[in-house]
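Single-structure report; data block below.
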């Protein structure tokens, strides 16, 4: 493998700093993106995922926390988390940052 074949940068997810999380009394929350007026109702697992993304936690840590905190976690939890993250990214709640290696 030549040096030119090695990827010199990676894309990293970052939380949109303008997005507001409003947590309700029942552990559900609303995510609001003032840049495009999108809003999502988020269940307690989604709130945890959002907070961990905000703390720059990786997928493995998020999956482990979900399994530790919640009962009856589905076998495909990693895929469901990725689908949720993709949904957030599609609606501007998350962005990407290019990091040079």
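Residue numbers (our numbering): 3 to 103.
Every residue gets a Cβ at the ideal spot worked out from N, C-alpha and C, and that includes glycine.
Quick check: residue i and residue j, are their CB atoms within less than 8 Å of each other?
i	j	result
residue 33	residue 95	yes
residue 56	residue 17	yes
residue 93	residue 35	yes
residue 83	residue 75	no
residue 103	residue 37	no
Closest to residue i by C-alpha separation, out of the options, would be which residue?
i	options	result
residue 23	102, 85 and 41	41
residue 88	11, 10 and 15	15
residue 30	11, 53, 19 and 37	53
residue 20	26, 11, 39 and 10	39
Given residue i, which residues of its chain have a CB within under 8 Å of its CB, disregarding the five upstream and five downstream residues?
i	result
residue 86	48 and 51
Excluding five sequence neighbours on each side, which residues of the same chain lie with their C-beta closer than 6 Å to the C-beta of residue i?
i	result
residue 99	14 and 16
Would the region 55-65 and the region 29-45 be scored as touching if the rule is three or more Cβ pairs under 8 Å? No: the two stretches stay apart, fewer than three of their Cβ pairs being nearer than 8 Å.
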